[in-house]
Amino acid sequence: MDRRHKEILQRKRRELVSQLEPSDVYDGLLSRGILTDDMIDEIKSSRPRRDQARQLVKYLETRGSRAFTAFLECLRETEQHTLADLLESGDSAPVSAPLPVPTQPTIIPLPVRKPVDFKKPERDDIPEDKHLVKPTTLLIAPTQNGTEMPRPPRPRSESIPFYKMEANPCGICLIINNVEFDTNSVLKNRKGSDIDSEKLERRFRALNFEVIVKRNAKCKHIKHELSSLAKKDHSAYDCCVVVILSHGTEANHNRFPGAVHGVDGLSVPVQIITNYLNGQNCPSLQGKPKLFFIQACGGNMRDTGFEVSSEEHTAVRLDEQVDAIPTSSSSDSLSLSDEPDARATLPTPCDMLVSYSTFPGYVSWRDTNKGSWYVETLDRILEYNATTDDLATMLIM
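No gaps in the numbering here: position 57 of the sequence shown is 64 in my numbering, and each next residue is one more.
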């Protein structure tokens with residue numbers, strides 16, 4: 008969503024929560040493709056009405072450039088004119104019709120540099136500099152007959168650098184999912200992590216990756232899997248993805264913060280994890296994007312936010328937990344099923360991107376029934392935006 012529209016929703020949140028009748032606009036937002044059936048079911052599960060309104064506004068902020076205009080139209084159609092006027096008064100631009108879907112997205116370039124020995128592509132239509140975008144042929148979920156159908160390629164501008172993403176499969180995705188921890192590790196089992204693993208396995212298979220899943224890996228086994236991945240020949244691939252779902256902690260570093268725990272309680276620094284796939288240790292991935300998604304705590308601090316108004320405060324559900332070593336905290340009111348796990352950043356090393364689920368030093372929350380907040384959002388963003396936006400843009404939506 009446009010920053011200006013998002014700010015309007017945030018400024019008017021109190022009025023929206025107190026006055027909006029969310030059930031009246033569900034059908035309109037569904038027919039316009041702003042919300043899905045699953046999203047509406049999840050919003051309806053929030054009771055009472057005020058909580059539904061609050062959740063609906065949060066979803067709208069993540070639903071793209073047409074969401075604000077479509078929401079205004081739905082308010083008009085359901086005769087909630089007071090709210091529509093309130094939102095329009097904060098928008099200097101005319102809001103009369105839905106904005107057209109752009110044929111060419113706005114792309115935020117990633118900092119990349121060409122390796123010394125990287126050869127210039129022989130094809131004239133592939134720029135030498137690269138930028139992280141999706142494959143020209145992106146596989147989506149299986150159709151009813153069980154076959155996967157490619158989406159049509161998106162036109163590219165020759166002036167925009169991009170990473171070539173044309174290999175089939177696109178690359179290897181390694182998922183390390185630590186759920187059950189040794190009793191002497193003082194770390195709790197990570198209920199709900201299997202949900203995260205299954206979501207991301209489906210998502211990256213749909214994005215045409217060869218997916219490898221390892222469950223309940225000790226520290227030495229995490230290192231072994233990363234070493235094996237680095238030793239593979241990636242010459243036929245265009246990308247490599249590593250996903251780690253585990254408990255986490257703080258660690259000394261000079262580049263990437265944090266560390267992740269094996270099920271034995273021992274930890275591997277994120278900086279070491281990324282080093283396995285750098286240009287020196289994995290030459291066949293030189294000049295190719297290497298993506299790391301870390302669902303783990305960055306520490307033990309808990310961010311309880313700041314008070315906006317008494318009406319806006321809601322307690323966290325009892326099915327949410329954290330992915331850190333147990334510690335006392337002033338936020339004991341947080342529910343017992345929200346678990347913390349790790350932050351999103353664009354690192355310095357060539358062709359690498361590391362996305363954490365929280366800021367350094369803080370816990371990362373996981374719902375024991377639905378999986379982590381981070382993975383749920385990442386999966387949804389990739390599902391709906393992978394064909395229209397580059398990865399850097401999607402990570403800040």
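All C-beta atoms, glycine included, are put in the ideal place defined by N, C-alpha and C.
What does DSSP give as the partner residue(s) for residue i in the beta ladder?
i: residue 217; result: 179
i: residue 363; result: 301
i: residue 246; result: 178
i: residue 185; result: Partner(s): none; residue 185 has no beta bridge.
i: residue 276; result: 266
i: residue 222; result: 184
In this structure, does DSSP put residue i in helix, strand or coil?
i: residue 396; result: coil
i: residue 253; result: coil
i: residue 266; result: strand
i: residue 35; result: helix
i: residue 191; result: helix
i: residue 172; result: coil
i: residue 291; result: helix
i: residue 402; result: coil
i: residue 231; result: helix
i: residue 43; result: coil
i: residue 385; result: helix
i: residue 282; result: helix
i: residue 30; result: helix
i: residue 358; result: coil
i: residue 9; result: coil
i: residue 198; result: coil
Buried or exposed: residue i, going by 16 or more other Cβ atoms within 10 Å of its Cβ?
i: residue 88; result: exposed
i: residue 104; result: With a pLDDT of only 42 at residue 104, under 50, the local geometry of the prediction cannot be trusted, and no value is derived from it.
i: residue 44; result: exposed
i: residue 259; result: exposed
i: residue 74; result: buried
i: residue 374; result: buried
i: residue 197; result: buried
i: residue 334; result: Note that residue 334 has pLDDT 39, beneath the 50 cutoff, so the model's placement of it is unreliable and no number is given.
i: residue 294; result: buried
i: residue 242; result: exposed
i: residue 17; result: exposed
i: residue 22; result: exposed
i: residue 84; result: exposed
i: residue 173; result: exposed
Does any C-beta atom of chain B lie closer than 9 angstroms to the C-beta of residue i?
i: residue 66; result: In the displayed structure, chain B is absent; only one protein chain is listed.
**Message:** In chain order, what are the residue ranges of uninterrupted beta strand (DSSP E) at least 3 long that sit wholly in the region 58–95?
**Reply:** none
query = Touching or not, the region 275–282 and the region 182–193, by the rule of three or more beta carbon pairs under 8 angstroms?
reply = no
Please determine if the region 204–216 and the region 230–237 are in contact, where contact requires at least 3 C-beta pairs separated by less than 8 angstroms.
no
*Taking three-plus beta-carbon pairs below 8 angstroms as touching, is the region 199–208 in contact with the region 263–273?*
no
Problem set entry | Meets three-Cβ-pair contact criterion under 8 angstroms: the region 176–184 and the region 220–229 | yes
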